[in-house]
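Peer 1:
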Amino acid sequence: MAYRTISMVLTDEEVDRTTFDAARALAEQHDAHLEVFCLGFDPMRYDMVPLGTAPVFTIPCTSDAHDTAKRMVDWAEAQLDAARFAFSVRPFVVSSVALESSIAGMVRFADLIVATQPYGEGATQLQVSVLESVLFGTGAPVLVVPRSAQDYTRPFARPMIAWNESTESLSAVRHALPVLRSAERVDVVMVDPPSHSPERSDPGGAVTMMIARHGAKVEVSILSKTLPRVSDVLRRQITDRANDLLVMGAYGHSRFREALIGGVTRDLLEQTEIPLLMAH
């Protein structure tokens, strides 16, 4: 497997600039076709017009959304003017009524989708919607790009896999194999693995063997939850091991539960300083 089509949804030139640069660098590194969908979002503000005893709702014109999409197309094409790989840039105008399904439909044929970190400075609910659309609506792996500086022109040297034996984790590992093969070292990390799991006699052994058969050098670490949150333990390990990518399954709990009480996915999406390669 290789990443031959890399896609991203551009929502704003400034908010998504780091993500755009990452997608461009990854497309060149993997000799992939880069698809950029320039999103003109119409929030569909409803106006009530009295008519008899019941109000009638009218939808304002979407000309602003079309103008936004065209402006971003011009910007993206200018940035890609000297690209040495194939690319396509398309406007994409959608309303809030069909936002998530429309985004998922546009990018579902990608081998890898690159998305902006949805929380932090400059981010809005639109970045959250884009990420959830591609994670839950495509089945493709998603690389979440943080705002911190990172060199995407070179292969990731030291990926970490947050392994918890789940279907989501295994899906993320499978989708990450093009990256893992070229790494100098892959760290498989488990935090307090359950004592009654099928892998209790050899925690992480099966997934390590799977990755090693693709030619990667793999090491396993079993960690105790010595900090309040699993995400804190993972982040400390990332610092100690100088990892430059985190591979993990996304949203083991429902999105609603994670939004209310938090979870590893939500915590890392808010706090990560390295890219996350996620799958659901």
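All you need for the numbering used here is the position in the sequence shown, starting with 1, plus 73.
Glycine included, C-beta positions come from ideal geometry on N, C-alpha and C.
So, using beta-carbon positions, are Met233 and Arg302 closer together than 9 Å?
Peer 2: no
Peer 1: Looking only at C-alpha atoms, which of Ala245, Trp236, Glu150 sits nearest to Leu307?
Peer 2: Cα-wise, what sits closest to Leu307 is Trp236.
Peer 1: Evaluate His248 with the Cβ neighbour count: other Cβ atoms within 10 Å of its Cβ, from every protein chain shown; 16 or more gives buried, anything less gives exposed.
Peer 2: buried
Peer 1: Are the beta-carbon atoms of Glu173 and Ser202 separated by less than 9 Å?
Peer 2: yes
Peer 1: Going by the beta-carbon positions, is the gap between Leu341 and Tyr225 smaller than 9 Å?
Peer 2: no
Peer 1: Which residue spans inside the segment 199-232 form an unbroken beta strand (DSSP E) run of at least 3?
Peer 2: 215-218
Peer 1: For Gly113, tell me which candidate among His106, Leu250, Arg144 has the shortest Cα-Cα distance.
Peer 2: Arg144
Peer 1: Is Leu319 near the ligand ATP, with its Cβ less than 8 Å from a heavy atom?
Peer 2: Annotation note on the ligand ATP: not contained in the displayed structure, which lists no ligands.
Peer 1: Taking the beta carbon of Ser239 as the centre, do at least 16 other beta carbons fall within 10 Å, making it buried, or is it exposed?
Peer 2: Looking at its Cβ environment, which holds fewer than 16 other Cβ atoms inside 10 Å, Ser239 is exposed.
Peer 1: For the segment 180-199 against the segment 208-223, are there 3 or more C-beta pairs whose distance is under 8 Å?
Peer 2: yes
Peer 1: Going straight from the alpha carbon of Ala196 to that of Asp89, what length do you get?
Peer 2: 9 Å
Peer 1: When the Cα atoms are used, what is the spatial distance from Pro228 to Gln198?
Peer 2: 31 Å
Peer 1: Note down the Cα distance separating Phe329 from Asp265, rounded to an integer number of angstroms.
Peer 2: Only weak support exists for where Phe329 lies, its pLDDT of 49 falling under 50; the value from the coordinates is given anyway. The straight-line gap from Cα to Cα measures roughly 25 Å.
Peer 1: Pairs of beta-carbons, one from the segment 178-185 and one from the segment 91-111, closer than 8 Å: are there three or more?
Peer 2: Touching, yes, given that three or more Cβ pairs across the two stretches are closer than 8 Å.
Peer 1: Taking only three categories from DSSP, how would you classify Ala150?
Peer 2: For the record, residue 150 in the displayed sequence is Glu; it is not Ala. Looking at Glu150 - three-state DSSP - the assignment turns out to be helix.
Peer 1: Based on the DSSP output, what are the partners of His106 in its beta bridges?
Peer 2: Thr78
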